[in-house]
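Enquirer: Each residue of the sequence shown is one higher than the one before, counting from 13 in my numbering.
The beta-carbon is built from N, C-alpha and C at its ideal position, and this holds for glycine as well.
Mind looking over this structure? Questions follow.
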Amino acid sequence: MKTNVITFLIACGLFVIACGGEEENPTSETYTVNFETMGGIPVPPPQIIEKGNFANEPSELPVKDGVTFSGWYTESGFRYNFKSNPVTRNITLFAKYWAGPKKYIVINDYDWSYLERKIHEIFGDSQGKDVAVGQGVLFYIFERPLEIHISTLRKQLIESEKYSIPLLIQLDPITFWDNVPELWNWFDPGIPGYNEDNKANVEWTSWSMDDAVKIGWLNWGTQIRLRPMANLFSKAYQAAVKARMDAFLSILSEWYTELPEAKKYLLIGVKITGELAVGVNNWYYTGGNLLYGLSEKYDPKTGINIYNKPSRSNGDVSTIGYAGVKSAGIKSAGTLTGEDIAELERKFTLFVSDIADDYSIPREKIFAHAGGSDNDLDACINDKVCPSWSFYGSDAINAKNATYCMNLIKNSDAPHWGLAEWAISSEKPSDWSDAIRRAFNIDRCYFLSIYTNVIGNNNGSTINESAVAGIKAVQNDNY
């Protein structure tokens, strides 16, 4: 009996061993991959993955208001690669979102130069980056017929969306106004627009419109002649400014409103003045009216001293600004001062700021641009816009050298400020990247607009390789 029991047990044991031998591998080790969408929806379900295999990237991306999904990241902050990272433990992947760039580098050319494709080819896409490279589009709003400007603007907006290149739209109602002789021609019956009453729309060299000017000058590397400086507070001039600004801003406002939240970064901003400084970008040489109709070879070449206010004279310049100061109700007699000119500049900036304020573009994307020196620079400070200034020379190398502007920024409640014009001439890429970073590291700095050649234009001009390399070095910075 005992022998039979032992034999039975041995047989059972052999049966168990035989049955167990059919399962050659133990149960596979598995891990769980969880997804944390940080408030986005939908939330992908957890995935159970065998050790060493790959998780599947969720086919439906989470959506969150006001931001764009930019990828799945590990707890330590690295982007997760579903194709190259085998699962070896339980993990949670976190959704990361992009609210748009925090800084913009702007490349400029003429408003009819469509550089979006070229910028995209050289600098790539700005999606997911803190630093974007965009195009500046400058419109001298009275230089050409309005319909030509509007056609150009609409095409620029199309190109911006096509290539995902953000735009800084720059509207200058001050510098060139050749296309509206009906405002400035008080002196030449041989050309369109002649009307002696137009003396009220231009600047004077005294408190009397009998001293209205016919001509002006500026120097942007080369001295050129201009139409007479506008009386910034002439009723006819301001009506024309409002009409043209409305035409631009209505299109821009509609475009910006209709952009999906994820693409609103394509509007860097709208700059609503040129570099405003009365007597700087349009001055009047003493006796200049006598030069109208003569060759420019007879023009004085002494230029101006921007610090010598109010005349800006470097020896041959007469003070202008009387017409604007008088029409604005600042003063109508006595000595014209630098403070009077600064107040004129401030009030004109507020006038165009009020126009922009009627549209749906937020303050954080509306900029005014002041030039000149000292209290001229206060003109772009008000509660409807963000300020911007020009930075050249040592100020471009280190923006903190512009101490007057830095103090204005410190005391301003504006959400942003910008470098409306900026340029250096270095052939070292590191000089470019270092200078840009110095500016971007200043509190609330939003854009830096380069006023020298970077990528040439569509006519084949040379690419500035040093500038391109310096900008590329900054593109992946985090702010």
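How many Å lie between Tyr-310 and Ala-368 at the Cα?
Expert: As a working note, residue 310 is residue 298 in the sequence shown. As a working note, residue 368 is residue 356 in the sequence shown. Those two C-alpha atoms are separated by around 42 Å.
Enquirer: Where does Pro-399 land, buried or exposed, given buried means 16+ other C-beta within 10 angstroms?
Expert: As a first step, residue 399 is located in the sequence shown; it is residue number 387 there, counting from the start. Flag for Pro-399 reads buried.
Enquirer: By how many angstroms is the C-alpha of Arg-101 removed from the C-alpha of Gly-32?
Expert: Your numbering for residue 32 matches position 20 in the sequence shown. Your numbering for residue 101 matches position 89 in the sequence shown. Confidence at Gly-32 is low in this model, with a pLDDT of 45, below 50, so its placement is unreliable and the value that follows should be read with caution. Computed Cα separation, rounded: 29 Å.
Enquirer: Please classify Ser-163: is it buried, with 16 or more other beta-carbons within 10 angstroms of its beta-carbon, or exposed?
Expert: As a working note, residue 163 is residue 151 in the sequence shown. By the neighbour-count rule (16 or more Cβ atoms within 10 Å), Ser-163 is not buried but exposed.
Enquirer: Can the beta-carbon of Thr-86 be found closer than 8 Å to that of Ala-274?
Expert: Residue mapping note: residue 86 aligns to position 74 of the sequence shown, counting from 1. Residue mapping note: residue 274 aligns to position 262 of the sequence shown, counting from 1. No, they are not a contact pair.
Enquirer: Work out the CA separation of Asp-388 and Ala-354 for me, nearest whole Å.
Expert: What you label residue 354 is simply residue 342 of the sequence shown in a count that begins at 1. What you label residue 388 is simply residue 376 of the sequence shown in a count that begins at 1. Cα-Cα distance, rounded: 5 Å.
Enquirer: In the DSSP assignment, find the unbroken beta strand (DSSP E) run with Leu-150 in it and report its ends.
Expert: Numbered from its first residue, the sequence shown carries residue 150 at position 138. Its beta strand (DSSP E) spans residues 143-152.
Enquirer: If you draw a straight line from the C-alpha of Gly-336 to the C-alpha of Arg-358, how long is it?
Expert: Translated into positions along the sequence shown, residue 336 becomes position 324. Translated into positions along the sequence shown, residue 358 becomes position 346. C-alpha separation (whole angstroms): 12 Å.
Enquirer: Mind listing, in chain order, the continuous alpha helix (DSSP H) runs of no fewer than 4 residues lying wholly within the region 159-225?
Expert: Complete alpha helix (DSSP H) runs here, min 4: 193-196.
Enquirer: Given that a residue counts as buried once 16 or more other Cβ atoms are within 10 Å of its Cβ, and exposed if not, what is Asp-190?
Expert: Residue 190 sits at position 178 when you count from the first residue of the sequence shown. Flag for Asp-190 reads exposed.
Enquirer: With DSSP collapsed to three states, give me the class of Phe-459.
Expert: Position 447 of the sequence shown, counting from 1, holds the residue named residue 459. Here Phe-459 sits in strand by DSSP.
Enquirer: Roughly how many whole angstroms lie between the Cα atoms of Ile-170 and Ala-212?
Expert: Here residue 170 corresponds to residue number 158 of the sequence shown, with the count starting at 1. Here residue 212 corresponds to residue number 200 of the sequence shown, with the count starting at 1. About 40 Å.
Enquirer: Could you spell out where the alpha helix (DSSP H) holding Trp-232 opens and where it closes?
Expert: Stepping through the sequence shown from its first residue, residue 232 is reached at position 220. That residue, Trp-232, is in no alpha helix (DSSP H); it is neither H nor E in DSSP.
Enquirer: If you draw a straight line from the C-alpha of Leu-271 to the C-alpha of His-161, how long is it?
Expert: In the sequence shown, the residue the question calls residue 271 occupies position 259. In the sequence shown, the residue the question calls residue 161 occupies position 149. Spanning the two alpha carbons is a distance of roughly 21 Å.
Enquirer: What is the rounded straight-line gap between the Cα of Leu-195 and the Cα of Ala-111?
Expert: Stepping through the sequence shown from its first residue, residue 195 is reached at position 183. Stepping through the sequence shown from its first residue, residue 111 is reached at position 99. When rounded, the distance between both Cα atoms is 45 Å.
Enquirer: Is the separation between the beta-carbon of Phe-260 and that of Leu-165 shorter than 8 Å?
Expert: For the purposes of this step, residue 260 is identified with residue 248 of the sequence shown, where counting begins at 1. For the purposes of this step, residue 165 is identified with residue 153 of the sequence shown, where counting begins at 1. Yes.
Enquirer: Going by alpha carbons, who is nearest to Lys-283 out of Thr-49, Tyr-416 and Val-364?
Expert: Locating residue 283 in the sequence shown gives position 271, counting from the first residue. It is Val-364 whose Cα lies nearest to the Cα of Lys-283.
Enquirer: Where are the alpha helix (DSSP H) runs, 4 residues long or more, that stay fully inside the region 379-419, in chain order?
Expert: Here the runs fully enclosed are 406-409.
Enquirer: When we look at the beta-carbon of Met-221 and count the other beta-carbons within 10 Å, is it buried (16 or more) or exposed?
Expert: Taking the first residue of the sequence shown as 1, we reach residue 221 at position 209. Burial call: buried.
Enquirer: Please look up how many angstroms separate the CB atoms of Lys-226 and Asn-488, rounded, as I've assumed it's under 8 Å.
Expert: Here residue 226 refers to the residue found at position 214 when the sequence shown is read from its first residue. Here residue 488 refers to the residue found at position 476 when the sequence shown is read from its first residue. With a Cβ gap of about 53 Å, Lys-226 and Asn-488 do not count as contacting.
Enquirer: Since Gly-136 is in the alpha helix (DSSP H), which residue starts that stretch and which ends it?
Expert: In the sequence shown, the residue the question calls residue 136 occupies position 124. Looking at the DSSP string, Gly-136 is not in any alpha helix (DSSP H), and its letter there is neither H nor E.
Enquirer: What whole-angstrom Cβ distance do Thr-331 and Leu-348 have, given they're in contact under 8 Å?
Expert: Counting from one through the sequence shown, the residue named residue 331 turns up at place 319. Counting from one through the sequence shown, the residue named residue 348 turns up at place 336. With a Cβ gap of about 6 Å, Thr-331 and Leu-348 count as contacting.
Enquirer: Nearest CA to the CA of Leu-570: which residue from Val-253, Gln-139 and Tyr-249?
Expert: Beyond the ends of the chain as shown, which are 13 and 491, falls residue 570; an answer cannot be given.
Enquirer: Whether or not the region 277-293 and the region 307-323 are in contact is what I'm after, with contact meaning three or more pairs of Cβ atoms, one per stretch, closer than 8 Å; do they touch?
Expert: As far as the Cβ criterion goes, the region 307-323 touches the region 277-293, which means the pair count is three or higher.
Enquirer: Going by CA-CA distance only, name the one from Gln-59, Arg-324 and Asn-410 that's closest to Ile-454.
Expert: Along the sequence shown, read from residue 1 onward, the residue named residue 454 stands at position 442. Looking at the Cα atoms, Asn-410 is the closest of the given residues.
Enquirer: According to DSSP, is Phe-81 part of a helix, a strand, or is it coil?
Expert: As a position in the sequence shown, residue 81 is number 69, starting the count at 1. Phe-81 falls in the strand class under three-state DSSP.
Enquirer: Is Ile-131 near Ile-467, with beta carbons less than 8 Å apart?
Expert: Counted from its first residue, the sequence shown places residue 131 at position 119. Counted from its first residue, the sequence shown places residue 467 at position 455. In this structure, Ile-467 lies closer than 8 Å to Ile-131 by Cβ.
Enquirer: Looking at the strands, I want to know which residues DSSP matches up with Asn-243.
Expert: The residue given as residue 243 occupies position 231 in the sequence shown. Note: Asn-243 sits in no beta bridge, so no partner.
Enquirer: Using a Cβ-Cβ cut-off of 8 Å (strictly less than) and excluding sequence neighbours within five positions of Ile-119, which residues of its own chain qualify?
Expert: To locate residue 119, count along the sequence shown from 1; it is residue 107. Excluding sequence neighbours, Ile-119 sits near Leu-127, Ile-131, Val-145, Gly-146, Gln-147, Gly-148, Ile-462, Val-466 and Ile-467.
Enquirer: Report the option in Lys-63, Leu-179, Ile-53 and Gly-205 whose CA atom is closest to the CA atom of Arg-129.
Expert: Residue mapping note: residue 129 aligns to position 117 of the sequence shown, counting from 1. Considering only alpha carbons, the answer is Leu-179.
Enquirer: For Ser-176, which residues of its own chain have a beta-carbon under 6 Å away from its beta-carbon, when the five flanking residues on both sides are left out?
Expert: Translated into the one-based positions of the sequence shown, residue 176 becomes position 164. Excluding sequence neighbours, Ser-176 sits near Asp-137.
Enquirer: Give every residue of the same chain whose Cβ lies closer than 6 Å to the Cβ of Asp-366, excluding the five residues on either side of it in the sequence, and list them in chain order.
Expert: Walking along the sequence shown from the start, residue 366 turns up at place 354. Here the set comprises nothing.
Enquirer: What three-state label does DSSP hand Asn-120 in the structure shown?
Expert: What you label residue 120 is simply residue 108 of the sequence shown in a count that begins at 1. If DSSP states are grouped into helix, strand and coil, Asn-120 belongs with the strands.
Enquirer: If you run the structure through DSSP and keep just helix, strand and coil, what is Arg-156?
Expert: One-based indexing of the sequence shown puts residue 156 at position 144. Arg-156 falls in the coil class under three-state DSSP.
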